[in-house]
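Position in the sequence shown (first residue = 1) + 15 = the working numbering. Even glycine gets a Cβ: it sits at the ideal position worked out from N, Cα and C. Beneath this line is the structure, given in structure tokens, with notes to follow.
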Amino acid sequence: MLSMIKANTQDIEKEYLFQRDIPEDENGFLNEWHNCTFEDFRAVILPKMMANSIGEQLPDGYVPQTFYFVWEDDAIVGQVHIRHYLCESLVNGSGHIGYYIAPGFRGRGLGTKMLALAVRKASKIVPEDEIYLQVNKDNPASLKCMLNNGGYIHHEDGIHYLVRIKKLREGDYGDKD
Ligand SMILES: CC(C)(COP(=O)(O)OP(=O)(O)OC[C@H]1O[C@@H](n2cnc3c(N)ncnc32)[C@H](O)[C@@H]1OP(=O)(O)O)[C@@H](O)C(=O)NCCC(=O)NCCS
16 MLSMIKANTQ DIEKEYLFQR DIPEDENGFL NEWHNCTFED FRAVILPKMM ANSIGEQLPD
76 GYVPQTFYFV WEDDAIVGQV HIRHYLCESL VNGSGHIGYY IAPGFRGRGL GTKMLALAVR
136 KASKIVPEDE IYLQVNKDNP ASLKCMLNNG GYIHHEDGIH YLVRIKKLRE GDYGDKD
């Protein structure tokens with residue numbers, strides 16, 4: 016079973032190994048902490064991830080962002096970032112949600128399921144009526160995850176599709192949290 020769990024100190028060993036191994040930039044999914052040390056992760060990075068979700072330790076102009084690790088049973092398989100509301104750069108850029116599945120777990124439908132969980136979570140957080148997403152035109156797997164979740168291409172530029180997904184209504188969350 017797949018679940019999204021906020022970055023937390025209890026799971027630090029598995030979170031560290033996962034974060035260290037995410038590439039610096041894969042299709043626009045960014046990890047400034049690629050190859051970090053455990054000590055940096057413990058003392059600086061994980062506290063920062065947790066602070067960002069309550070609007071603290073953010074660079075100027077950044078909106079609050081929650082980091083989730085995505086678990087399949089007791090293994091971390093992915094990561095989701097949810098930005099709590101839009102600013103101008105997010106409207107025309109990466110939108111509300113960023114997501115990543117580790118290479119060894121791809122091609123099994125987890126990306127699609129993870130985005131479904133992320134849309135459900137974001138529907139409770141963001142004030143806008145639609146979830147905004149951006150995908151590189153040369154990333155068909157990610158575009159497919161979006162389309163599988165009811166996404167539609169709102170517009171495009173030279174290298175991206177700007178996709179939107181209607182937010183779920185309260186009665187459609189399908190869970191208690
Ligand atoms: C994008 C990503 C999340 C997809 O994860 P995944 O677990 O492989 O996704 P799924 O297994 O749900 O596959 C999604 C669909 O893409 C399709 N797909 C995979 N590779 C494809 C390709 N090269 N061309 C076309 N379709 C492709 C799959 O067949 C599947 O289609 P289906 O639902 O019709 O069966 C993963 O590749 C990833 O994390 N990439 C790096 C980071 C990234 O790109 N993040 C998104 C930035 S917008």
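Proximity of the stretch 100-117 to the stretch 54-64 falls short of the contact definition, fewer than three beta-carbon pairs being nearer than 8 angstroms. Ordered along the chain, residues surrounding ligand 1 are E41, N42, G43, F44, Y114, Y115, I116, R121, G122, R123, G124, L125, G126, T127, V150, N154, P155, A156, S157, K159, C160 and N163 [Cβ under 6 angstroms from any heavy atom].
A buried status is given to V95, since no fewer than 16 other beta-carbon atoms sit within 10 Å of its beta-carbon. Between L132 and L17, the C-beta gap is smaller than 8 angstroms, which places the two residues in contact. Taking 4 residues as the minimum length, the alpha helix (DSSP H) runs contained wholly in the stretch 33-87 are 61-67, in order along the chain. Distance from the CA atom of G173 to the CA atom of V150, rounded to whole angstroms, is 12 angstroms. Rounded to the nearest angstrom, the gap between the Cα atoms of L177 and F44 is 15 angstroms. Between A117 and M65, the gap from beta carbon to beta carbon reaches 8 angstroms or more.
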